[in-house]
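Report on the structure given below.
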Amino acid sequence: MLILEKQNWYKVKEGQTVAEIAKAFCVSVRLLVKENGLSAEPSVGRLLRIPKTCGNAYTAGEGDTKALLCGSERAYAEKNGTNILYPGMRVIL
């Protein structure tokens, strides 16, 4: 597991998607979109604020639950910016 504590700015490169950028910084797509007020893929050269995250990055597996990963569904939603959880999803614990 990787311990994260980041608050960065990132300049979008040609061909990059929100999903790729979020994965690179171990943040959820939803948090990245919300933090930057995005309604579409960002244009080349745009500066994106990477949300500060604290916790362990983890790839969810079969049988993992929000409560098991973060203590409660509410804590899971606050840390990950979504209520969605599926196997293979990277989450912050």
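Count the sequence shown with this note's numbering and you get residues -18 to 74, in order.
Quick reminder that beta carbons are idealized off the backbone N, C-alpha and C, glycines included.
Distance cut-off 7 Å: residue i Cβ against heavy atoms of the ligand ZN
i, result
"Pro32", "No copy of the ligand ZN occurs in the structure displayed, which carries no ligand at all."
Beta-carbon separation (whole angstroms), residue i vs residue j, contact threshold 8 Å
i, j, result
"Ala41", "Leu66", "6 Å"
"Val10", "Ala21", "Not quite, the Cβ-Cβ distance comes to about 13 Å (not below 8 Å), so this is no contact."
"Tyr39", "Leu74", "5 Å"
"Ala56", "Asn64", "About 12 Å separates the two Cβ atoms, so there is no contact after all."
Euclidean distance between Cα positions of residue i and residue j
i, j, result
"Cys51", "Tyr(-9)", "28 Å"
"Gly18", "Glu(-5)", "20 Å"
"Ser24", "Pro32", "19 Å"
"Arg71", "Gly62", "12 Å"
"Arg30", "Val8", "11 Å"
Buried versus exposed call for residue i [16 or more other C-beta atoms within 10 Å across all chains shown]
i, result
"Lys15", "exposed"
Bounding residues of the alpha helix (DSSP H) (the contiguous stretch that carries residue i)
i, result
"Arg11", "10 to 17"
"Ile2", "-1 to 5"
"Arg55", "54 to 61"
Limits of the beta strand (DSSP E) - the one that residue i falls within
i, result
"Ile73", "71 to 73"
Beta-carbon contacts of residue i that lie in its chain and below 8 Å, excluding the five residues immediately before and after
i, result
"Thr(-2)", "Glu22"
Residues of its chain near residue i, where Cβ-Cβ distance is below 6 Å and the 5 sequence neighbours each way are ignored
i, result
"Ala6", "Position check: residue 6 holds Phe in this sequence, whereas Ala was assumed. Result list for Phe6: Ile31, in chain order."
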